[in-house]
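Taking it in order: structure first as structure tokens, then the write-up.
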Amino acid sequence: MIHIPKIWENLEVMHLNREAARTAYIPYADAEAAASGKRGRSPFYRTLNGSWAFRYFTSVYDVKEPFYETDADVDSWDRLLVPSCWQTNGYDQMQYTNVNYPIPCDPPFVPEENPAGAYVREFHIPESWNGKATHVVFEGVNSCFYLWANGRFVGYSQGSRVPAEFDLSPFVKPGANKLAVLVLKWCDGTYIEDQDCWRYTGIFRDVYLLARDEKRIRDIELKQDLNKDFTRAVLQAAIETAGGAMQVKLELKNAEGQVVAAGGGSVDGSDTIELELANPLLWNAEKPYLYRLVVQCGQEVLSFQVGFRRIEIENGVFRINGAAVKLKGVNRHDSHPVLGQTIPVNHMIKDLNLMKRHNINTIRTSHYPNDSRFLDLCDEYGFYVIDEADLECHGITSAEHWKPEAFHRLSTNPAWREAFVDRAVRMVERDKNHACIVMWSMGNESGYGENHIAMQKWTRRRDPSRPVHYEGAAHGYKGNPNIESLDVNSRMYASVEEIHQYGADPANTKPLFLCEYSHAMGNGPGDLKEYWDAFYAYPNLMGGCVWEWNDHGAFTHTADGTPFYAYGGDFGDKPNDGNFCIDGLITPDRKPHVGLLELKQVIAPVVIEAEEQKQGLFKVTNLYDFIDLSGVALHWKLENKEGRIVKQGQVTELAIQPQQSGTIQIKEVIAEGEGILTFSVRQKEETVWAEAGYEISFAQFEYEGQQAETLRSAVPAIQAKEEDELLVLLGEGFRHIFDLRRGTIKGISKHGVEMLTAPAAFTIWRAPTDNDRNVKAKWLAGGYDRTGMKVYDTYWSQLNESVVEVKVSFALSGYQLYPILKGAAVWRFDGSGAAELSVTADVREELVFLPRFGLRLEMAETTEEIEYAGYGPHESYVDKRRSSRKGIYLTTVEDMFENYIFPQENGSRYGTDWMVASNEQGMGLRFEKMSGAFSFNASHYTPEELTEKTHSHLLQKSGRTIVHVDYKMSGVGSNSCGPELLQQYRLDEKSFTFGIRIVPVFKEDE
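Heads up: the sequence shown begins at 1083 in our numbering, then just goes up one per residue.
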């Protein structure tokens, strides 16, 4: 019978026989192999990735047989790929939960039915490793594990997202050996690993063997000392050895491979070797220059990337290399739609390429340290990283029904102190030598008490070169008031107004960092511009990280084989938080949402503004912190009102220094009349993340010509006759029908082609977006989703032989309730076939803002072609339009659809002057603004369908084209987790007037 010591619920034991944490490295045999970064090129490395024998148990107590013994027969077991998450391979329960613990809240105890996975693997130790110590490294195992080698117990470890290293030397021999691992789903560490993500289990990161010299470097810390003007750098290599005294040789090479400094000496235990360098090239995210330190000791060669940079806070301003830097960031979970938390290197590179292409310079590793190779890539690509400890105990709050004191329950409990501090120690020790890390984070949403203070104090003593942040210490949570050990004030989802107040208050001597803001769930975020106006306005606002980078959809199939992305509850998981994991700027398969395009433009490093627009003078501002604009070119084009390019050119010489502005003149636009001038800022040369000519940002300026007198030809006559409460309007080539009882247009035809399939209707409802989730209840309570039109009166008259007018007084109401609004509509039909609609409406005073107001029309399914003059080419809303540009666009109804995993309002176009919805032959309706520009939407899905369905693969097309022509659509904001929609983006006018002109057209003839 197997005996497993029950230490998974013992707060006093976080490991048995685990090696002390150290910086991440692989020993190589020579400098060339070490510089490659390819682990397999080291003779001292052997991967244990691959196929392992595996057996899943629903409870650790079901593990009866000593599977770890050398003669244990596991041939009949399943085979499981390592690294992987066992849930993505069909074992155990897929589960997504955000706050709530997946187990009863009884810390440190976990359920008796604690799932376990047994892994067995045979491996070979070569003869060349004789005389060396054999170590095994598990880079990530969730949540705890026991280890045996050749039938003997080696050790135990918990702490899922940092490495666990063991010395196997007493247990193994040259030749064939057997390794066995028992992984438990839950342990006491589960209470402090309650992150907002899918709850995956198993050996999910790499496993490998290392052969180490008996006398070897155990750890090395690379400290930097840069003088004030950065003309001199001292690299201090603090070396810790094992096994006795040895000679250590250091060479610092530049990016071209030339040795620029060298040194060495004998080290016994610990010592520091200094290398001095004159005029070092500095590392930053915009120009991530890296040196390479080669450390030779015995037969081993270690290699480290070195980026010289200084991080400091002066007078409340966060600075890198002396420059005030704004962190333009995102929160990034380890997330793969198929592999779960097992992240291949190419997947990491794909993320970083996308971030670079969208002007992002900062990553918060929410909410745990990432694979160390991800940090290597961040060093190379150039990203500022907030490295976050694997610590979150959010679930304690819901277990106590959100009592304020509950939030701090574990952070103030001395029994948990060592567990808290261990999370900081293992993160800092592993990652301390990375240039990309500019700040340490003490975890996420775990209250704030003495345990956090202990973490912070240890971290600041160990690494005084970087600031420490922790958002849970914000005063609003009413935790321990002692925040002296924090260098930065942090907030989540502070409103724009709040950060303005913080920036303007001279009493705030620490910089403010929004570790999460602008929740990007579904159709959003819509409030980015206002945040960045505030960040730029105050030196003590550091910037922040949008929540979050990607949708965490789990790729799966329905019973009939239809593929889709699942979210919480789709696997019968309880508790779950539904689609709250579908809240990113990109899809699970790494396609950008419009929200990412919006972020790219709002945080663009090159800004162009009109200085003297009529004189062709424009101000160009370089918002980079370290590079000038010599690497970009401005491409410009002037288009007339028909969208044809009149003139174009380039400005290629832009030596504008960082944080400076310059003036350019485009003389060619001075003599031109009406049109749109568009600038495109493009990089001149290819980079690892984008091709030459890639657009970094853009800007547009409108030129208004003199309004010429419109010469109207004589309007033909129109006939009107009333038949059974229908008003039939006849003219040259058209026949329209107005329903007098229902107060709306029922039919519009041209040359016998009927354009409508149902009567037009006024509407205020939209399918709620994820960011409407809070206001949605008020909309439903107000009856917004079930409005019908009450017609009080309809009156028509023929004003002259060419014009017929219909006046309608009406109300929009939901059953059981008073009318939402009352209004008057005036329809004017003329002999050309055009209809002009003017609406005046009054909204009931006490009601919350409307989702939209406009006219809904249903057209034939063949109405697929959409042409318009307005903002495009993608969806745009009043608060989410900076990434769209004004022009004339030809698209389709199908292409206008934005396929959000959770169906919702999508595809609207803001600021439209005119739009034509037609079949492919151009037969359809043209909508023209009468006063201000309008918004429109065309879709094969009704708002009701988008409201009802929970997944995009469940949507059913209506068999027609639904066209909305809106006076206004409220903005989308980020209130799924962020603050309420800003006032200026709400349709909360209590009285308004709307006009639209509708013309049946055969557009290819007109």
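Just so you know, even glycine gets a beta-carbon here, dropped at the ideal spot from N, CA and C.
8 Å or more divides the Cβ of Met-1837 from the Cβ of Ile-1827. Distance from Asn-1224 to Gly-1284 at the Cβ level is roughly 7 Å; contact confirmed, criterion being Cβ atoms closer than 8 Å.
For Met-1997, the uninterrupted beta strand (DSSP E) run begins and ends at 1996-2000, by DSSP. One thing to note: Val-1265 has its Cβ within 8 Å of the Cβ of Gly-1199. Straight across, the Cα-Cα distance linking Asp-1652 with Ser-1990 is about 29 Å.
Your pair Asn-1441 and Ile-1738 does not check out as a contact, with CB atoms roughly 17 Å apart and the cut at 8 Å. Minimum Cα-Cα distance from Asp-1867 among the listed residues Val-1570, Gln-1730, Glu-2026 corresponds to Glu-2026. Counting only residues of its own chain and dropping the five nearest sequence neighbours on each side, Asp-1875 has a CB closer than 6 Å to the CB of Ser-1891.
The continuous beta strand (DSSP E) containing Leu-1972 extends over residues 1967-1974. Distance from Met-2005 to Phe-1935 at the Cβ level is roughly 28 Å; contact not present, criterion being Cβ atoms closer than 8 Å.
With a 10 Å radius around the Cβ and a threshold of 16 neighbouring Cβ atoms, Gly-1775 comes out exposed.
In terms of Cα proximity to Phe-1205, the closest of Gly-1905, Leu-1162, Val-1164, Lys-1260 is Lys-1260. Annotation: the continuous alpha helix (DSSP H) that includes Trp-1540 extends over 1532-1544. DSSP lists Leu-2007 as the bridge partner or partners of Pro-2082. Rounded to whole angstroms, the separation of the alpha carbons of Tyr-2067 and Glu-1927 is 18 Å. For Glu-1947, the closest alpha carbon among the candidates Val-1921, Arg-1963, Ala-1917, Phe-1979 is that of Phe-1979.
When Cβ pairs closer than 8 Å are counted between the two stretches, the stretch 1666-1674 is seen to touch the stretch 1626-1635, the count reaching three or more.
Closest by C-alpha distance to Glu-1773, out of Ile-1752, Lys-1438, Lys-1860, Ala-1481, is Lys-1438.
Residues Ser-1600, His-1601, Gly-1606, Pro-1607, Asp-1609, Asn-1853 of the same chain have their beta carbon placed closer than 6 Å to that of Ser-2056, with the five preceding and five following residues left out of the count. Between Leu-1291 and Thr-1703, the alpha-carbon positions lie close to 52 Å from each other. Here DSSP, grouped into helix, strand and coil, assigns Tyr-1953 to strand.
Going by beta carbons, Gly-1815 and Ala-1799 fall outside the 8 Å limit.
Annotation: Val-1507 is outside any beta strand (DSSP E); the continuous alpha helix (DSSP H) that includes it extends over 1499-1513. Listed in chain order, the beta strand (DSSP E) runs fully inside the stretch 1821-1903 are 1826-1829, 1840-1845, 1869-1882, 1885-1896, counting runs of at least 3 residues. In summary, Trp-1909 is buried, with 16 or more beta-carbon neighbours lying within 10 Å of its beta-carbon over all protein chains present.
In the DSSP assignment, Glu-1786 falls outside any alpha helix (DSSP H), carrying neither H nor E.
Listed as beta-bridge partners of Tyr-1371 by DSSP are no residues whatsoever. The C-beta of Ala-1315 has 16 or more other C-beta atoms within 10 Å across all chains shown, which makes the residue buried.
Pro-1451 counts as buried, since at least 16 other C-beta atoms from the protein chains shown sit within 10 angstroms of its C-beta. In the DSSP annotation of this structure, the continuous segment of the beta strand (DSSP E) that includes Ser-1762 starts and ends at 1757-1765. Thr-1994 places its beta carbon 8 Å or farther from that of Tyr-1959.
Cβ neighbours of Gln-1378 within its own chain (closer than 6 Å, five residues either side excluded): Lys-1331. Distance from Val-1388 to Arg-1374 at the Cβ level is roughly 7 Å; contact confirmed, criterion being Cβ atoms closer than 8 Å. Boundaries of the beta strand (DSSP E) around Trp-1134: 1132-1139. Take the alpha-carbon of Gln-1741 and the one of Pro-1955: they are about 31 Å apart. Around the beta carbon of Trp-1280, 16 or more other beta carbons sit within 10 angstroms, so the residue counts as buried.
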